[in-house]
Amino acid sequence: MDLTQLTATELIELYRSGQASPVEAMRQVLERVERVDPILNAFVLVDSDAGLAAARESEARWVAHRATGAPVGAVEGVPTTIKDILWTKGWPTLRGSRAINPDQPWEEDAPSVARLREAGAAMFGKTTTPEFGCKAETNSPLTGISRNPWDPSKTPGGSSGGTAAAIAAGLGALSMGTDGAGSVRIPAAFCGNVGMKASFGRVPAYPLSPFGSVANVGPHTMSVTDCALMMNVVAQPDPRDWTSLPYDGVDYLAELDDGIRGIRIAYSPTLGYAEVDSEVAARVDTAVRELEALGAIVEQVDPGIEDPLDISTGLWFVSSKTVYDSLGPEGQVVTDPDFAAQAAQGAELSAQDVQLLTLKRNALGTKMRLFMTRYDVLVTPAVAIPAFEARPAGAVPMTPESMLSWTPFSYPFNLTQQPAITVPCGLTSAGLPVGLQIVGRAHDDVTVLRAARAYESVHPVPRPRI
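Below, the structure written as structure tokens:
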């Protein structure tokens, strides 16, 4: 049995019955990483010994559970990876940068990593990211170019591109990414997996991102059920994040399969301003018709907002400058040219400019909050185009347009802090995945997952053949 092609939920059921073991699953994953990752370059670190040790500990707990009913963790023994932005005890967190010294103590887990470890996740590696998660492609001077498992000539997207590529290719069943302007949802769309940006503050973070209150931590999986399972684990309190929402004790699996009959869907194919590839538009339109057939009440309507590209990139570039300045001359010399270009553009913005962008963000948030009083979810394409050619850092001039204009559906909802999920909704004629984005009302992560699960129930997630 090829355990690398199973979801976490499927693995757990096999562990429970004794038909498979965490050690067997980890060995298969590590063998597949050795074979496939030279093509994809999805990992910056693979620790086979740590992965096998964690799997052996989990196997012992499963043996005790079957014998005596002793407790096991929610993701006990599931092969798991972490994006190289999130602190992971015992492993360097280089953030895709040659400016970070790996030779220092690494003694603390980020909140989501800590919760996964407590829940029995068998962690075995860290996935690639552009430097400081600075762009929606995954390339960097540190790790080179990461590639898409559906077509290795294409980018996996970014900045959680290594995570998305690994999950889609069966290199672990669960992974944690980060999302500051679409960095979970863009690569999930390009690589054909499920990626969720929960409501801001729902998944605690630490250290808090230097990119501020657009930054989120989120799951990457190959099923919506696995995503809900991960949310149960990682959406738990951690006092290190003072911006986190109060813990509400929600079980994200409880209502997952309740369906969407009567749910009000606002369907906006362009948000009123985006240009969308014709094949992407067609796949998304077909998906919306499937949601309607499942009993949802669909209205095609735009929310009446203007493209907030200037807000997103302006605030981002100012933060890039802050990080760039902290590296000092020696670090700046080895930084990604794209990141340096962002910092240079951030230096051109005054304090008044930043305040005006913040006020524009406030108005956008209010407008979307009012719009969502009439609907349960908003449905859009995830990304306006399919995956494009993989390219090295600095291949094109870094501008707001080159950075994000081709993904106009992702960054607005970082600014508004709404929950949003991406699920695969078909392939282009070239065999590249297309993503469907489902955006929820503020703090209503449950309905977002429920709608995504309803769609997945009639459109199972395919896997690439690599």
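Counting with numbering that gives the first Met the number 0, you get residues 0 to 465 for the letters of the sequence shown.
All C-beta atoms in this analysis are idealised placements derived from N, C-alpha and C, irrespective of residue type, glycine included.
- Taking Val112 as the centre and dropping the five residues before and after it, the same chain places the C-beta of Ile81, Leu85, Trp86, Thr87, Lys88, Met122 and Met175 closer than 8 Å to its C-beta, in chain order.
- Pairing Thr224 with Thr8, the inter-Cα distance amounts to about 7 Å.
- For Thr79 and Ser349, the gap between their C-alpha atoms comes out near 42 Å.
- In the structure shown, His219 falls within a strand segment according to DSSP collapsed to helix, strand and coil.
- For Phe210, no beta strand (DSSP E) segment is defined, and its DSSP state is neither H nor E.
- Nearest neighbour of His442 by Cα position, chosen from Val460, Thr415, Pro432 and Arg452, turns out to be Thr415.
- Glu9: member of the alpha helix (DSSP H) spanning Ala7 to Ser16, first to last residue.
- Straight-line measurement puts the Cα of Ser145 at about 17 Å from the Cα of Arg464.
- The beta carbon of Glu136 lies closer than 6 Å to those of Thr154 and Gly157 in the same chain, with the five residues before and after it left out.
- Counting only runs that start and end inside the region 403-461, the alpha helix (DSSP H) elements of at least 4 residues fall at 411-414 and 444-457.
- Take Ala120, set aside five residues on each side of it, and the residues of its chain with a beta-carbon closer than 7 Å to its own are Val74, Val77, Thr79 and Leu173, in chain order.
- With a cut-off of 8 Å on Cβ pairs, the region 452-464 is not in contact with the region 398-414, counting fewer than three such pairs.
- As the crow flies, the alpha-carbon of Ser311 is around 32 Å from that of Ser428.
- Beta-bridge pairing by DSSP links Lys82 to Thr126.
- Rounded to the nearest angstrom, the gap between the Cα atoms of Gly303 and Leu270 is 8 Å.
- With 16 or more other Cβ atoms from the protein chains shown falling within 10 Å of its own Cβ, Trp149 counts as buried.
- At least 8 Å separates the beta-carbon of Pro418 from that of Pro432.
- Spatial neighbours of Asp250 in its own chain (CB-CB distance under 7 Å, excluding positions within 5 residues in sequence) are listed in chain order as Asn231.
- For the set Arg31, Trp61 and Lys134, the Cα lying nearest the Cα of Pro391 is the one of Lys134.
- Sequence-distant Cβ neighbours of Leu252 in its own chain, meaning closer than 6 Å and more than five residues away, are Ala227.
- Counting the other Cβ atoms within 10 Å of the Cβ of Val332 gives fewer than 16, which makes it exposed.
- For Ala49, the enclosing alpha helix (DSSP H) covers residues Ser47 to Thr67.
- Per the Cβ contact rule, the region 16-31 is in contact with the region 50-59 (3 or more Cβ pairs under 8 Å).
- Contact between Leu435 and Val283 holds, with the beta-carbon distance rounding to 6 Å and staying under 8 Å.
- Between Gly143 and Asn40, the CB-CB gap stays under 8 Å.
- Annotated three-state conformation of Arg368 is helix, per DSSP.
- Annotation: the region 249-305 contains the following complete segments of the beta strand (DSSP E) (minimum length 3 residues), in chain order: 263-266 and 296-299.
- Cβ atoms of Pro140 and Arg97 come within 8 Å of each other, at about 6 Å.
- Annotation for Gly176: the continuous beta strand (DSSP E) segment containing it runs Leu173 to Asp178.
- Residue pairing from DSSP places Lys196 in a beta bridge opposite Ala419.
- For the pair Gly194 and Thr6, the CB atoms are not nearer than the 8 Å cut-off.
- In this structure, the alpha-carbon of Lys359 lies about 11 Å from that of Lys366.
- Here Arg440 is buried, its C-beta having at least 16 other C-beta atoms within 10 Å.
- Here Asn413 is not near Gly171, since their CB atoms are 8 Å or more apart.
- DSSP lists Pro78 as the bridge partner or partners of Ala121.
- Under DSSP, Asn138 forms a beta bridge with Ile144.
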